[in-house]
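For reference, the structure discussed in these notes is given below.
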Amino acid sequence: MSYAESLANFADVLDSVVEDREEVVVTRAGHGPVVIVALDDYESLKEAVGLPRRSESERGLLASIERLEHGHGLVRDLAEETADCPGT
300 MSYAESLANF
310 ADVLDSVVED
320 REEVVVTRAG
330 HGPVVIVALD
340 DYESLKEAVG
350 LPRRSESERG
360 LLASIERLEH
370 GHGLVRDLAE
380 ETADCPGT
């Protein structure tokens, strides 16, 4: 189904996905396709393939990477790093 087609009938598309338990693939010009799937089915798929839940430390690391990628990091010299670390 095209993006325009899905947008024109969005509520009906969502109802169909939930009621019929059928996923809908939406294609977009210049972008990769996406899949609309019922939440219950998605959660079942995640469980079936064993996708792990992110740990607190992993979420923190990903948030730090995102802040760094958005220009909120510090550039430090190696000499500064070792001066801040006792025992080095």
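First residue of the sequence shown: 300, per the working numbering; consecutive thereafter. For glycine and all other residues, C-beta sits at the position ideal for the given N, C-alpha and C. Just so you know, these numbers come straight off a predicted model, no measurement behind them.
Reduced DSSP secondary structure (H/G/I, E/B, other) of Arg320: coil
Supposed contact pair Ile335 and Val348 - C-beta distance, whole angstroms, cut 8 Å: No, Val348 and Ile335 are not in contact; Cβ-Cβ is about 19 Å, not under 8 Å.
When you compare each of Glu322, Ser356 and Pro332 to Asp340 by their alpha carbons, which one comes out closest? Glu322
With distance defined between alpha-carbon atoms, name the residue in His371, Ala378, Arg366 and Ser305 nearest to Val333. Ser305
Residues of its chain near Val316, where Cβ-Cβ distance is below 7 Å and the 5 sequence neighbours each way are ignored: Glu322, Val323, Ile335, Val336 and Ala337
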